[in-house]
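Below is one structure, written out as structure tokens; the observations come after it.
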Amino acid sequence: VGPPPSPDTTTINKKGILQNECTFDRCSSVSRMRSITCFNIWYFLCLGLGLACVACVCFWNSQWRGGFAWDGSSRQFNWHPVLMVTGMLVLYGNGAVLYRVPLTWGENKLPWKLLHAALMLLALILSVIGLCAVFGNHNASNIPNLYSLHSWIGIITTVLFAAQWAAGMAVFLLPWSPDSLRKLLKPQHVWMGGSLMTLGIGACISGINEKLFFVLKGNTSGSQPYSQLPTEALLGNSLGVLMIAFGLVVLKILSTREWQKPESQPADITYTPLLQEGS
């Protein structure tokens, strides 16, 4: 058996261990900062693309489709794409990624729960008003309702959206739902959120394409057929590309594990319902 290690050797070894721990902590901190920076880039890209979608659909319907009214005419129809893109796509997408923002990970969850629910409710209200606009225009012009694939996808998405919002309110915010049910339904709630985003993109893109085919027939004064790709067609197609890009960014943010809220500690693993928040 050799002699016991000298105090100097032990001190050196301890310093080496401490140095390794410090190096690990620094690497972890740098990795976290890189993750936050990467998230911020994607999040601001999400905001920018959302604003671009809203600006593009408003510009299209105000400059090429004659503006807006609520009189049963084609100008009433113009509210439909604006409200559906703004509500079903942009507001919904931003509401879905809200819980990925690190600012929402603090102890006080109530403001963020309310903001998430409010954004989703506003998106749903705008979508319903958008449906009222198109139904009113069709009824005034004796045009059949709900005959196209676009209309089927749109109405199914809106109904599922309403059910998702009602279920989220009942299960995650109000106090009568047991913790076991919240834990069981959380993955389904998240999955349905991404699915509704995908359905919303499909509904909006098919609607743009359908509208361009209807109005760009080349049989009216001064118009060109869609096949010749006039300026309005370029704008409509560009809007579709912007919406796809926005949806992909939202799905990227939702699916990246490093940007998800850290798991709660065992003592705080249950959800706090809205009416019990802060009690």
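Every number in my numbering is 124 more than the matching position in the sequence shown, counting from 1. Just so you know, even glycine gets a beta-carbon here, dropped at the ideal spot from N, CA and C.
Taking the Cβ atom as the reference point for each residue, do Val258 and Val209 lie within a distance shorter than 9 Å? no
What are the uninterrupted segments assigned as alpha helix (DSSP H) that are 4 or more residues long and contained completely in the region 176–227, given in chain order? 198–201, 203–208, 216–220
Look at the alpha carbon of Thr134 and the alpha carbon of Met157, and state the distance between them as a whole number of angstroms. Because the pLDDT of Thr134 is 45, which lies under 50, any placement of that residue in the model is unreliable, and the number read from its coordinates should be weighed accordingly. Near 35 Å, if we compare the C-alpha coordinates of Met157 and Thr134.
Check Glu356 in the structure and name its three-state DSSP category. helix
Can you give me the C-alpha to C-alpha distance between Gly318 and Ser304, rounded to a whole angstrom? About 23 Å.
What are the complete alpha helix (DSSP H) segments, minimum 4 residues, inside the region 228–312? Given a length threshold of 4 residues, each whole run of the alpha helix (DSSP H) inside the region 228–312 is given here in chain order: 234–264, 273–292.
Which complete alpha helix (DSSP H) runs does the region 321–350 hold, if anything under 4 residues is left out? none
Measuring only the C-alpha atoms, how far is Thr396 from Pro354? Because the pLDDT at Thr396 is just 49, under 50, the model does not fix this residue reliably, and the value given afterwards should be weighed accordingly. One C-alpha to the other measures close to 54 Å.
Among Gln352, Ile332, Lys310, the one whose alpha carbon lies nearest that of Lys341: Gln352
Please state whether DSSP places Lys385 in a helix, a strand or coil. coil
Beta carbon of Asn218 nearer than 9 Å to that of Pro205: no
Which listed residue (Leu363, Thr282, Glu334) has its alpha carbon closest to that of Ile249: Thr282
Three-state secondary structure assigned by DSSP to Thr161: Here DSSP, grouped into helix, strand and coil, assigns Thr161 to helix.
State yes or no: is the C-beta of Ala264 within less than 9 Å of the C-beta of Gly196? yes
So, using beta-carbon positions, are Leu297 and Cys180 closer together than 9 Å? The criterion of a C-beta distance shorter than 9 Å is not satisfied by Leu297 and Cys180.
Span separating the alpha-carbon of Leu207 from that of Met244: 14 Å
Might you give, ordered along the chain, the residues of its own chain that have their beta carbon closer than 8 Å to the beta carbon of Phe368, omitting 5 neighbours on each side? In the sequence on display, residue 368 carries Ile and not Phe. Its chain contains Ile325, Ile329 as the residues whose beta carbon lies nearer than 8 Å to that of Ile368, once the 5 sequence neighbours on both sides are disregarded; these appear in chain order.
Could you check what DSSP says for Ile136 in three-state terms: helix, strand or coil? Model confidence at Ile136 stands at a pLDDT of 46, short of 50, so the residue's coordinates are unreliable; what they give is reported in the following sentence. Looking at Ile136 - three-state DSSP - the assignment turns out to be helix.
Count the other CB atoms within 10 Å of the CB of Cys162; is the residue buried (16 or more) or exposed (fewer)? exposed
Is the separation between the beta-carbon of Leu284 and that of Trp276 shorter than 9 Å? Leu284 is not a Cβ neighbour of Trp276, given a cutoff of 9 Å.
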